[in-house]
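S.K.: Numbering (the numbering used here), first residue to last: 1014 to 1259. A virtual CB, placed ideally from N, CA and C, is assigned to each residue, including glycine. Only a predicted model underlies this, so the values are computations on that prediction, with no experimental measurement involved.
1) Between the segment 1170-1181 and the segment 1098-1108, can you find at least three pairs of beta-carbon atoms closer than 8 Å?
2) Report the partner residues of residue 1132 according to the DSSP bridge assignment.
3) Determine the direct distance from the alpha carbon of residue 1030 to that of residue 1139, and round the result to whole angstroms.
4) In this structure, what does DSSP give as the bridge partners for residue 1025?
5) Looking only at its chain, what residues have a beta carbon closer than 6 Å to the beta carbon of residue 1242, apart from the 5 residues adjacent to it on each side?
6) Does DSSP put residue 1049 in a helix, a strand or coil?
7) By the 10 Å Cβ neighbour count, where 16 or more other Cβ atoms means buried, how is residue 1028 classified, buried or exposed?
8) Mind reading off the beta-carbon distance from residue 1169 to residue 1113? Whole number of angstroms is fine, and I expect it under 8 Å.
9) DSSP three-state label for residue 1242, please.
10) Check whether the Cβ atoms of residue 1167 and residue 1158 sit closer than 8 Å, and answer yes or no.
11) Which same chain residues, not among the five before or five after residue 1046, have their C-beta less than 7 Å away from its C-beta?
12) Go through its chain and collect everything with a Cβ distance to residue 1136's Cβ below 6 Å, but skip five positions before and after it.
13) Buried or exposed: which applies to residue 1152, given that a residue is buried once 16 or more other Cβ atoms fall within 10 Å of its Cβ?
14) DSSP three-state call for residue 1020: helix, strand or coil?
15) Closer than 7 Å by C-beta to residue 1051: which residues in its own chain qualify, once you throw out the five before and the five after it? Chain order, please.
16) Have a look at residue 1087 and residue 1032 and give me their C-alpha separation to the nearest angstrom.
17) Can you name, in chain order, every residue of its own chain whose Cβ lies under 8 Å from the Cβ of residue 1085, other than the five neighbours on each side?
18) Looking at C-alpha atoms only, which residue of 1043, 1025, 1021 is the closest neighbour of residue 1210?
19) Could you please give the first and the last residue of the uninterrupted beta strand (DSSP E) stretch that includes residue 1101?
20) Could you tell me the boundaries of the beta strand (DSSP E) in which residue 1157 lies?
21) When the distance is taken between beta carbons, is residue 1186 closer than 8 Å to residue 1116?
22) Quick check: residue 1060 and residue 1077, are their CB atoms within less than 8 Å of each other?
23) Between the alpha carbons of residue 1223 and residue 1200, how many angstroms are there, rounded?
See below:
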């Protein structure tokens, strides 16, 4: 699904040039659960932005389902972001005075099918209720962010990411602002999405988050320094939870 070859990214900083990525080669299979790890400044977020079509490489190629992303127009890139990719961030990025239901309806408001509006008002509401129910927030649809816990706010963010039924979810430190119990609940949701066939890429500093992934890629100084797959008996559940289930 995702293929990066020799991807470099440079940013001008005054008279200097920052080399955020220095020739990254990476492939991600359809339906894979991948964790990207590395210290601050290693290029993790830059890589995620390129994969999510929020940014483009300075050099190298990025192909999504065999299509060269560098050849896409701004409108085509926007359509990929809206229809193919769901984003989940550490800080939730929710609108402060907006109910959970409206937060999730928002990406549906920009949807288009051909030349016509993609979803009616009723269809937006039904879809938003459906995904909020799927993340366990059926009884919180009328709550604003300041009326929700951190874990509940992240669930709203995940529901918003799922609204357009994306094939790829990109999550940048999705448990970074959560306590241990809330973080485990969010990871369980991600595992459920993986089992449904969604491609998941988690950017994280946390080894316990990375432990849930099928494969872990380590970045340092803008380069992939390690790419580790796990055994065929891998499960995205924690060892303790898998043992309890047995």
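M.R.: A quick look at the data gives this:
1) At 8 Å Cβ cutoff, the stretches touch.
2) Position 119 of the chain shown, counted from the first residue, corresponds to residue 1132. For residue 1132, which the question treats as bridged, DSSP gives no partner whatsoever.
3) As a working note, residue 1139 is residue 126 in the chain shown. As a working note, residue 1030 is residue 17 in the chain shown. C-alpha separation (whole angstroms): 48 Å.
4) Along the chain shown, one-based indexing puts residue 1025 at 12. Paired residue(s): 1030.
5) Within the chain shown, numbered from 1, the residue matching residue 1242 stands at position 229. Cβ neighbours of residue 1242 beyond the five flanking positions: 1228.
6) What you label residue 1049 is simply residue 36 of the chain shown in a count that begins at 1. Reduced to three states, the DSSP call for residue 1049 is strand.
7) Looking up residue 1028 in the chain shown gives position 15. When all chains shown are included, residue 1028 counts as exposed.
8) Taking the chain shown and counting its residues from 1, one reaches residue 1169 at position 156. Taking the chain shown and counting its residues from 1, one reaches residue 1113 at position 100. About 5 Å separates the two Cβ atoms, so the contact holds.
9) Here the question's residue 1242 lines up with position 229 in the chain shown. Assignment of residue 1242 by DSSP, reduced to helix, strand and coil, places it in the strand class.
10) On the chain shown, residue 1167 is found 154 positions in, with the first residue counted as 1. On the chain shown, residue 1158 is found 145 positions in, with the first residue counted as 1. No, the Cβ-Cβ distance between residue 1167 and residue 1158 is not below 8 Å.
11) Taking the chain shown and counting its residues from 1, the one referred to as residue 1046 is at position 33. Once the five neighbours on either side are set aside, the close Cβ partners of residue 1046 are 1207, 1213, 1226, 1227, 1249.
12) Translated into the one-based positions of the chain shown, residue 1136 becomes position 123. Excluding positions up to five away in sequence, the list is empty.
13) As a working note, residue 1152 is residue 139 in the chain shown. With a 10 Å radius around the Cβ and a threshold of 16 neighbouring Cβ atoms, residue 1152 comes out exposed.
14) Within the chain shown, residue 1020 is the residue found at index 7, counting from 1. Of the three classes helix, strand and coil, the one that applies to residue 1020 here is strand, per DSSP.
15) The sequence position of residue 1051 within the chain shown is 38, counting from 1. Taken in chain order, the residues that qualify are 1057, 1231, 1232, 1233.
16) Against the chain shown, residue 1087 aligns to sequence position 74. Against the chain shown, residue 1032 aligns to sequence position 19. Roughly 24 Å separates the two Cα atoms.
17) In the chain shown, counting from the first residue as 1, residue 1085 sits at position 72. For residue 1085, where only same-chain residues beyond five positions count, the Cβ hits under 8 Å are 1066, 1093.
18) To locate residue 1210, count along the chain shown from 1; it is residue 197. Ranking 1043, 1025, 1021 by Cα distance to residue 1210 puts 1043 first.
19) Position 88 of the chain shown, counted from the first residue, corresponds to residue 1101. 1098-1102 is the extent of the beta strand (DSSP E) around residue 1101.
20) Residue 1157 sits at position 144 when you count from the first residue of the chain shown. Taken as a continuous stretch (DSSP letters only), residue 1157 belongs to no beta strand (DSSP E), as it is neither H nor E.
21) Taking the first residue of the chain shown as position 1, residue 1116 is located at position 103. Taking the first residue of the chain shown as position 1, residue 1186 is located at position 173. Contact flag unset, no.
22) What you label residue 1060 is simply residue 47 of the chain shown in a count that begins at 1. What you label residue 1077 is simply residue 64 of the chain shown in a count that begins at 1. No, the pair does not count as a contact, with Cβ atoms beyond the cut-off.
23) Here residue 1223 corresponds to residue number 210 of the chain shown, with the count starting at 1. Here residue 1200 corresponds to residue number 187 of the chain shown, with the count starting at 1. Roughly 10 Å between the two C-alpha positions.
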